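When we follow the numbering used here, the leftmost residue of the sequence shown carries the number 104, and every step to the right adds one.
Take a look at the structure below.
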Amino acid sequence: MACFFRSRIAAKLGRTLQQSEDAFIPALSAIPVFKKQQTADFKLSISTLRISGILPSSGDIQLQTEDLATRLKQDSVVEDISAGCGVINFKVNRKLLVQKMLEPFGKEEDVKFGLTSELFNTLKRGTTLVEYSSPNIAKKFHAGHLRSTIIGNFIANLKQSLGNNVIRMNYLGDWGMQFGLLGAGFGQFGCQEKLKQNPLQHLFEVYVQVNKEAEHNEDMKQAARDFFRQLEQHESEAVSLWQQFREITVDEYQHIYKRLGVHFDIYSGESFHQDQAQEVVQQLQSQGLLKTSEKGTGVVDLSPAEDMSSVCTVLRSDGTTLYITRDLAAAIDRKAKYHFDEMIYVTDKSQENHFHQLFHILLAMGHSWADRCKHVPFGLVRGMKTRSGEVVFLEDVLDEARARMLHNMSQSKTTKEMDNTEDTAENVGISALIVQDFKGPLLSDYTFDWDRMLQAQGDTGVFLQYTHARLRSLIRRNEGAKAAIFDPSLLFDQTSITILQHLLRYDEVLYQSAQDLQPKHLVNFLLKLCHLIASAHRELPVKGSSQDVAQARLRLFSGACSVLANGMRILGITPVDKM
Numbered sequence: 104m105a106c107f108f109r110s111r112i113a114a115k116l117g118r119t120l121q122q123s124e125d126a127f128i129p130a131l132s133a134i135p136v137f138k139k140q141q142t143a144d145f146k147l148s149i150s151t152l153r154i155s156g157i158l159p160s161s162g163d164i165q166l167q168t169e170d171l172a173t174r175l176k177q178d179s180v181v182e183d184i185s186a187g188c189g190v191i192n193f194k195v196n197r198k199l200l201v202q203k204m205l206e207p208f209g210k211e212e213d214v215k216f217g218l219t220s221e222l223f224n225t226l227k228r229g230t231t232l233v234e235y236s237s238p239n240i241a242k243k244f245h246a247g248h249l250r251s252t253i254i255g256n257f258i259a260n261l262k263q264s265l266g267n268n269v270i271r272m273n274y275l276g277d278w279g280m281q282f283g284l285l286g287a288g289f290g291q292f293g294c295q296e297k298l299k300q301n302p303l304q305h306l307f308e309v310y311v312q313v314n315k316e317a318e319h320n321e322d323m324k325q326a327a328r329d330f331f332r333q334l335e336q337h338e339s340e341a342v343s344l345w346q347q348f349r350e351i352t353v354d355e356y357q358h359i360y361k362r363l364g365v366h367f368d369i370y371s372g373e374s375f376h377q378d379q380a381q382e383v384v385q386q387l388q389s390q391g392l393l394k395t396s397e398k399g400t401g402v403v404d405l406s407p408a409e410d411m412s413s414v415c416t417v418l419r420s421d422g423t424t425l426y427i428t429r430d431l432a433a434a435i436d437r438k439a440k441y442h443f444d445e446m447i448y449v450t451d452k453s454q455e456n457h458f459h460q461l462f463h464i465l466l467a468m469g470h471s472w473a474d475r476c477k478h479v480p481f482g483l484v485r486g487m488k489t490r491s492g493e494v495v496f497l498e499d500v501l502d503e504a505r506a507r508m509l510h511n512m513s514q515s516k517t518t519k520e521m522d523n524t525e526d527t528a529e530n531v532g533i534s535a536l537i538v539q540d541f542k543g544p545l546l547s548d549y550t551f552d553w554d555r556m557l558q559a560q561g562d563t564g565v566f567l568q569y570t571h572a573r574l575r576s577l578i579r580r581n582e583g584a585k586a587a588i589f590d591p592s593l594l595f596d597q598t599s600i601t602i603l604q605h606l607l608r609y610d611e612v613l614y615q616s617a618q619d620l621q622p623k624h625l626v627n628f629l630l631k632l633c634h635l636i637a638s639a640h641r642e643l644p645v646k647g648s649s650q651d652v653a654q655a656r657l658r659l660f661s662g663a664c665s666v667l668a669n670g671m672r673i674l675g676i677t678p679v680d681k682m
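So this is what it looks like as structure tokens:
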């Protein structure tokens with residue numbers, strides 16, 4: 104694995120410059136590969152050594168590079184050392200490269216590949232709480248919640264794979280005046296029979312009707328206020344109806360989550376923290392942080408000069424709490440209950456200011472752990488429509504992705520006979536959705552494009568799945584040719600070496616993803632791997648090769664298949680075996 108070579112090169116540098124080998128690990132990286140182009144395997148950044156104080160920061164950087172390169176000697180691991188522009192390039196022994204990179208796949212250690220790297224020693228491991236998805240109850244699952252759901256799932260998967268204890272939390276929008284409207288409206292327009300048949304559709308219809316009614320009917324507005332007051336005072340009839348709405352919603356949402364391959368450890372919600380929110384207000388008051396504005400609202404002054412030029416409202420003039428007050432209570436409660444080491448919120452970028460204020464107030468209250476809370480914002484998806492027009496519900500998007508994929512598979516000459524065509528189309532369609540979403544920076548808006556997203560060729564989720572299915576088919580067909588021992592010298596050709604050089608980068612890609620929580624690094628690494636595998640299928644045939652050559656090539660393809668499948672699972676994609 105890459106860590107073997109990285110630590111050997113670092114040890115060589117440590118001996119030469121009388122430093123700990125750990126000091127060189129951040130400056131060493133695997134060199135990105137280009138098809139048909141021979142490159143060295145690792146490079147050492149001299150500017151990184153200057154910044155860290157290992158080399159003097161003054162003087163000509165190129166002279167430093169060439170001087171250090173001449174002081175480093177080849178050995179049984181490193182067979183060539185050369186100075187580049189501000190970098191030193193290292194080419195490792197080819198036999199060792201093949202052996203060390205493919206060793207784990209002969210020992211059934213493929214799931215750990217890249218995850219035991221020394222790069223991760225600098226990452227703090229502990230309990231990570233990830234809050235994501237967080238739709239509003241009593242409504243069908245809106246397509247707008249797709250991004251939070253899949254991004255949060257990726258972050259939770261990544262953190263877990265790197266050895267953290269991960270708590271996956273869905274913080275439902277289950278409180279507020281809209282439930283007053285829905286409760287009052289259900290009394291007038293609701294029907295328990297319809298609620299059983301199509302729960303969320305019926306609640307949606309009731310909500311639309313009651314909103315129309317409330318626009319011109321003051322009695323309806325008052326009934327809504329009364330119902331919500333009954334909820335806040337825990338009156339049993341109101342609470343029982345609200346609870347029914349909540350349970351129905353969670354049950355319906357779990358069907359969607361199952362389709363997406365997403366699960367949660369905890370379904371929380373604003374309702375859990377309504378009483379605690381009042382306690383937060385009292386704490387703010389006793390700490391002298393709560394001020395009263397001219398409008399009579401309760402505010403916290405966030406301005407550096409403490410001149411009320413920037414305030415955050417935490418209390419309405421009638422004494423009721425707001426969303427941010429409940430978020431403050433939720434954060435404090437979670438820290439006490441789950442003892443997290445970090446908490447990550449995944450929401451769209453419109454809430455950036457909300458989280459800035461939330462973390463600011465928590466710190467002002469003396470909660471130093473708020474420094475370990477992070478908001479991961481994302482941009483908007485434009486043009487998400489189905490054939491029937493504007494899309495509102497995620498179920499429609501998933502159904503359409505499956506239907507389009509089924510159609511494409513039925514038209515393809517390469518589609519294999521399979522028992523579960525619908526399930527395969529579903530998995531491949533969801534992969535396409537995820538990869539389209541993850542290819543660029545999360546903060547960017549992007550335009551949804553059905554045709555581009557579902558292409559079998561090109562950088563798509565379909566291409567990832569097609570490559571995985573093709574590799575699995577190759578391995579199945581040649582089950583008898585698999586062997587525990589193979590001859591590394593049969594994989595010295597440039598096509599094989601390029602794949603192995605690319606695999607050297609896997610731990611670096613995971614490390615980079617762990618640093619900025621962006622899935623694009625892993626997606627682009629896997630897409631590049633698939634392009635390299637496509638070339639290898641043409642240039643390294645297993646069928647018709649001698650037994651020794653077939654065994655060696657199968658080990659290479661098996662290793663590539665394992666890394667592809669592991670990476671896909673971190674992204675939240677279920678790899679398919681036939682397609």
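All residues carry an ideal CB built from backbone N, CA and C; glycine is no exception.
Being a predicted model, the structure only gives us computed values, none of them experimental.
Here Gln140 carries a strand assignment [DSSP, helix/strand/coil]. Annotated as distal: Ile191 and Leu158, with beta-carbon spacing of 7 Å or more. Collapsing the DSSP output to three states places Tyr235 in coil. Asp522 sits exposed, since fewer than 16 C-beta atoms from the chains shown fall within 10 Å of its C-beta.
The C-beta distance from Thr230 to Asn256 rounds to 18 Å, too long to fall under 8 Å, and the pair is not in contact. The Cβ atoms of Val383 and Thr428 lie closer than 7 Å to each other. Of the candidates Leu625, Gln325 and Tyr614, Leu625 places its Cα closest to the Cα of Gly543. Comparing alpha-carbon positions, the option among Val645, Val214 and Leu632 lying closest to Ala663 turns out to be Leu632.
Counting along the chain, Thr395 sits inside the beta strand (DSSP E) bounded by residues Leu393 to Thr395.
Separation of Ile464 and Ser406 (C-alpha to C-alpha, rounded to the nearest whole angstrom) is 11 Å.
For His478, the uninterrupted beta strand (DSSP E) segment begins and ends at Cys476 to Phe481. Burial of Ala105 is indicated by the presence of at least 16 other C-beta atoms within 10 angstroms of its C-beta.
Within the same chain, Cβ atoms closer than 8 Å to the Cβ of Arg153 are found at Pro159, Ser160, Ile164 and Gln167, the five residues on either side in sequence being excluded. Your pair Val565 and Ala528 does not check out as a contact, with CB atoms roughly 11 Å apart and the cut at 8 Å.
Counting C-beta pairs closer than 8 Å gives three or more between the region 566-582 and the region 631-648, which meets the contact rule.
Minimum Cα-Cα distance from Gln386 among the listed residues His470, Glu206 and Thr142 corresponds to His470. Taking a contact to require three or more Cβ pairs closer than 8 Å, the region 433-440 and the region 409-419 do not qualify as touching.
Annotation for Gly266: Arg228 place their beta carbon closer than 6 Å to its own, counting only its chain and skipping 5 residues before and after.
A contact between stretches requires three or more CB pairs, one per stretch, nearer than 8 Å, and the region 349-357 meets this requirement with the region 234-246. Pairwise C-beta distances place the region 363-372 in contact with the region 271-288, as three or more of them are shorter than 8 Å. In the DSSP assignment, Asp183 is bridged to Lys194. Under a 10 Å Cβ-count criterion, Glu397 is classified as exposed, with fewer than 16 other Cβ atoms of the shown protein chains found around its own Cβ. In the displayed model, Asp590 falls within coil according to three-state DSSP, outside both helix and strand. Taken atom to atom, the span from the alpha-carbon of Ile676 to that of Asn530 is near 8 Å. Within the region 283-327, the complete alpha helix (DSSP H) runs of at least 4 residues fall at 295-300 and 302-319. In the DSSP assignment, Met272 is bridged to Glu234 and Ile369. For Thr450, the uninterrupted beta strand (DSSP E) segment begins and ends at Glu445 to Asp451.
Inter-residue distance for Arg197 and Phe595 is about 7 Å (C-alpha atoms, whole angstroms). In the three-state DSSP reduction, Val484 falls in the strand class (E or B). Assignment of Val495 by DSSP, reduced to helix, strand and coil, places it in the coil class.
The alpha-carbon separation between Leu635 and Ala130 amounts to approximately 27 Å. Take Thr524, set aside five residues on each side of it, and the residues of its chain with a beta-carbon closer than 8 Å to its own are Leu509 and Met512, in chain order. Inter-residue distance for Ser155 and Thr219 is about 25 Å (C-alpha atoms, whole angstroms).
Along the region 334-371, the alpha helix (DSSP H) occurs as fully enclosed runs of 4 or more residues at 339-363, listed in sequence order.
About 17 Å separates the beta carbons of Val679 and Gln560, which is beyond the 8 Å limit, so they are not a contact pair. Assigned with DSSP and collapsed to three states, Leu545 falls in coil, not helix or strand.
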